[in-house]
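Residue numbers (mature numbering (1 follows the signal peptide of the UniProt record, and there is no 0)): -18 to -1, 1 to 401.
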């Protein structure tokens, strides 16, 4: 009996001493189950707050493709809503949430205010910001635009845009990619497009409309018949879409995905290519990063100006807009590219898609759409049909050879080809 009593007292002492104090009112035991925040499937309240580390300096994100943030009991995170919280009731725009167990969190250290995580939500979605950083890019031809969130006067960046203000075109967009990106929030609604503060006040969203692009192509080619051949209604896939560079689902949270809808983050892209081989490049990249548990710097951009033959058979560059001096702006690019750079090994690869569904592979070569030696036979992790003209003829190159042609691309230290 004495032995049993001694063991009971000892066990009680060990459990008590192992508890982690959160404040003077309550304790949390490390024997509790960890907390889990599910990115999809109703795990987030909507409009969702930004989920940040305890210092509110960076996002807390899933570590793998499961789309679950895991926290230990007693771990603190910060939650931010630009316009304040709808739930819980508080006058603060940022709160501290402490993991208890499962989906239960203590708000601002008050044990009397325990909440299921999905019941925490904002009055409106956190505001994202696009602003010029004051730096140049693209060998001095572009201005650097940083996109992210302002949290307590601190800027938390998502991605950078290298934009040409003269041509009103974007050279490239850069962001990071990790294994957790494959766990992105599924089926999050698409917001409206934004361009406020850029493009000299032009209504760029209207410039992209099917009617406007058809009329512009007819003007350039001198033929409505040709325009109707090349630009068809949006019930088809033969028209120019607003083609993301940093893709919507390259980002994990819906709040982050909303920030990709700045029109500086797009270029005119044939819709069948957009939803065809280019989507496969994007999705295969995310899946591969997750499966290989690796991290990339991702550069997605455009190069050149696509041409189409006019009424006289002469090739004309295609733009969606002309300024008062008849200078072409918002060009339809010849190619889209995505550079994957694994910083840990300094290896890289360039994935390229021809942005002209009206030419054959032979014509693409004749018209200089193939800008470097194809090494796509060395990779097997992209689920594409790269020789399909309608889905977008595609190929891959070594970074060093690519940069000899695409001079606006930043210089990277390359140790070899990433395959």
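In this text, a Cβ means the ideal position worked out from N, Cα and C, and glycines have one as well.
None of the values given here were measured: they were computed from a predicted structure.
### Query
Which residues bound the alpha helix (DSSP H) around residue 94?
No alpha helix (DSSP H) holds residue 94; the beta strand (DSSP E) holding it covers 92 to 98.
### Query
Using DSSP with H/G/I as helix, E/B as strand and the rest coil, what is residue 212?
helix
### Query
Looking at the structure shown, is residue 30 part of a helix, part of a strand, or coil, going by DSSP?
coil
### Task
Please determine, among 335, 30, 240 and 178, the residue with the shortest C-alpha to C-alpha distance to residue 351.
335
### Message
So for residue 399, helix, strand or coil by DSSP?
### Response
strand
#### Entry: 8 Å contact criterion, which residue 14 and residue 82 should meet: CB distance rounded
7 Å
### Message
Taking the alpha helix (DSSP H) that residue 384 belongs to, which residues open and close that run?
### Response
381 to 387
### Distance, residue 80 Cα to residue 188 Cα
46 Å
### Message
For residue 349, tell me which candidate among 373, 309, 358 and 290 has the shortest Cα-Cα distance.
### Response
290
### Query
Just how far apart, CA to CA, sit residue 46 and residue 376?
29 Å
### Query
Which residue comes first and which comes last in the beta strand (DSSP E) that contains residue 140?
136 to 146
### Other residues of its chain near residue 5: CB distance less than 6 Å, five sequence neighbours each side excluded
For residue 5, the predicted structure reports a pLDDT of 39, less than 50, and the residue's modelled location is therefore unreliable. The matter cannot be settled from this model.
#### Entry: Length-filtered (4 minimum) alpha helix (DSSP H) runs lying within the stretch 205 to 250
206 to 212 and 236 to 240
#### Entry: Rounded C-alpha distance that separates residue 148 from residue 29
37 Å
### Message
Taking only three categories from DSSP, how would you classify residue 187?
### Response
helix
### Task
Count the C-beta pairs between the stretch 319 to 339 and the stretch 254 to 269 that are closer than 8 Å, then say yes if the count reaches three, no if not.
yes
### Task
Out of 89, 128, 144 and 36, point me to the one whose CA is closest to residue 121's CA.
144
### Task
Compute the beta-carbon to beta-carbon distance between residue 234 and residue 286, rounded to the nearest angstrom, for a pair I have assumed lies under 8 Å.
So it is not a contact: roughly 32 Å between Cβ atoms.
### Strand pairing of residue 157, partner residues [DSSP]
280
### Query
Hey, how far is the Cα of residue 215 from the Cα of residue 38?
46 Å
### Task
Alpha carbon to alpha carbon, how far is residue 154 from residue 372? Give it in angstroms, no decimals.
24 Å
### Task
Classify residue 127 as buried or exposed, calling it buried when 16 or more other Cβ atoms lie within 10 Å of its own Cβ.
buried
### Query
Counting contacts by CB-CB distance shorter than 7 Å, is residue 159 in contact with chain D?
You won't find chain D in this structure, because it holds only one protein chain.
### Message
Contact defined as beta carbons within less than 8 Å: I believe residue 299 pairs with residue 310. What is the distance between those atoms, to the nearest angstrom?
### Response
6 Å
### Task
Please report the residue range of the beta strand (DSSP E) in which residue 79 lies.
76 to 83
### Query
What distance in whole Å lies between the Cβ atoms of residue 44 and residue 162, which are believed to be in contact at a cut-off of 8 Å?
4 Å
### Query
Taking C-beta to C-beta, are residue 329 and residue 398 nearer than 7 Å?
yes
### Query
Given residue 130, which residues of its chain have a CB within under 6 Å of its CB, disregarding the five upstream and five downstream residues?
137, 138, 139 and 140
### Task
Determine the extent of the alpha helix (DSSP H) in which residue 203 is found, giving its start and end residues.
192 to 203
### Query
Bridge partners of residue 114, per DSSP?
127
### N-terminal and C-terminal residue of the alpha helix (DSSP H) that residue 314 is part of
No alpha helix (DSSP H) contains residue 314, which DSSP labels as neither H nor E.
#### Entry: Contact between the stretch 169 to 181 and the stretch 242 to 250 (3+ Cβ pairs under 8 Å)
yes
#### Entry: Short Cβ contact (7 Å threshold) for residue 71 with residue 168
no
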